[in-house]
Amino acid sequence: MAERLTAVQLAVLLRDAITRLNRRVRQTRPVGDLTATQLSALASLELAGAMTPRELAEIERVRPPTMTKIVSKLEERDLVQRTPHPTDGRQVILAATPQGRGVLAKFERAREEWLAQRLAELTAEEREVLRHAAEILRQVARA
Numbered sequence: 185m186a187e188r189l190t191a192v193q194l195a196v197l198l199r200d201a202i203t204r205l206n207r208r209v210r211q212t213r214p215v216g217d218l219t220a221t222q223l224s225a226l227a228s229l230e231l232a233g234a235m236t237p238r239e240l241a242e243i244e245r246v247r248p249p250t251m252t253k254i255v256s257k258l259e260e261r262d263l264v265q266r267t268p269h270p271t272d273g274r275q276v277i278l279a280a281t282p283q284g285r286g287v288l289a290k291f292e293r294a295r296e297e298w299l300a301q302r303l304a305e306l307t308a309e310e311r312e313v314l315r316h317a318a319e320i321l322r323q324v325a326r327a
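So this note's numbering is basically just the index in the sequence shown, starting at one, shifted up by 184.
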């Protein structure tokens, strides 16, 4: 019979497994020179929608000067566009371009393919356990 874990012990196991899996999935990417930081900023713009550079810096937890450099690199590659702020002429609004959304989709496909390959190596029973675990983790995340 399997050893019963306390809630704290289970929390440690889950946190470690989720962190390792997340790190490995994030490392999976198609050939390209986009940095993890640039990719994260681009993904934040796509998920949260258009925003100011300061708002993006806050979401990404970097200083505004750092975000300025990140955005400049993304702009050079036509992945992000700047438009004037509708009410504050001193600011701009950043948004992902269609090309930026395409790059994000390519990265997501690479990650999904990697994970699908790993899951295909498991037994049907193991995949079913993970399906149930995914449902439970969604519930935990909503709490």
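Built from N, CA and C at the ideal position, the CB exists for glycine as well.
| field | Which of helix, strand or coil DSSP assigns to R315 | value | If you number the sequence shown from 1, residue 315 lands on position 131. It is helical.
| field | Environment of I320 [buried if 16+ CB atoms lie within 10 Å] | value | Position 136 of the sequence shown, counted from the first residue, corresponds to residue 320. I320 is exposed by the Cβ-count criterion.
| Can you tell me whether I202 is buried or exposed, with buried defined as 16 or more other CB within 10 angstroms of its CB? | What you label residue 202 is simply residue 18 of the sequence shown in a count that begins at 1. Of the other Cβ atoms in all chains shown, fewer than 16 fall within 10 Å of the Cβ of I202; this residue is therefore exposed.
| the stretch 293-311 touching the stretch 259-270, judged by at least three CB pairs closer than 8 Å | Below 8 Å, too few C-beta pairs join the stretch 293-311 and the stretch 259-270 to call them touching: fewer than three.
| Pair within 9 Å by beta-carbon distance, L194 and A280 | Counted from its first residue, the sequence shown places residue 194 at position 10. Counted from its first residue, the sequence shown places residue 280 at position 96. For L194 and A280, no; Cβs fall outside 9 Å.
| Alpha carbon of L240 to alpha carbon of R315, nearest angstrom | Position 56 of the sequence shown holds residue 240. Position 131 of the sequence shown holds residue 315. Computed Cα separation, rounded: 34 Å.
| field | Per-residue burial, G284 [other beta carbons within 10 Å of its own, 16 or more giving buried] | value | As a working note, residue 284 is residue 100 in the sequence shown. It counts as buried.
| task | Go ahead and label L218 buried or exposed: buried means 16 or more other beta carbons lie within 10 angstroms of its beta carbon, across all protein chains shown. | result | Translated into positions along the sequence shown, residue 218 becomes position 34. Result: buried.
| Going by the CB atoms, is the gap between R238 and Q275 shorter than 9 Å? | On the sequence shown, position 91 is the one that residue 275 refers to. On the sequence shown, position 54 is the one that residue 238 refers to. Q275 is a Cβ neighbour of R238, given a cutoff of 9 Å.
| query | Which word fits L278, buried or exposed, when buried means at least 16 other C-beta atoms lie within 10 angstroms of its C-beta? | reply | Translated into the one-based positions of the sequence shown, residue 278 becomes position 94. Classification of L278: buried, given that the 10 Å Cβ count is 16 or more.
| said: Please return the same chain residues whose Cβ sits closer than 8 Å to the Cβ of S224, not counting the five positions on each side in sequence. | reply: For the purposes of this step, residue 224 is identified with residue 40 of the sequence shown, where counting begins at 1. Cβ-Cβ distances below 8 Å link S224 to E244 in the same chain, with the five nearest sequence neighbours on each side left out; the list follows chain order.
| Which class does L198 belong to by DSSP, given the choice of helix, strand or coil? | Stepping through the sequence shown from its first residue, residue 198 is reached at position 14. Under the three-state reduction of DSSP output, L198 falls in the helix class.
| Taking DSSP as the reference, what is the three-state secondary structure of P249? | By one-based count along the sequence shown, residue 249 stands at place 65. Helix at P249.
| What do you get for L205, buried or exposed, if any count of 16 or more other CB atoms within 10 angstroms of its CB means buried? | Within the sequence shown, numbered from 1, the residue matching residue 205 stands at position 21. Exposed is the call here.
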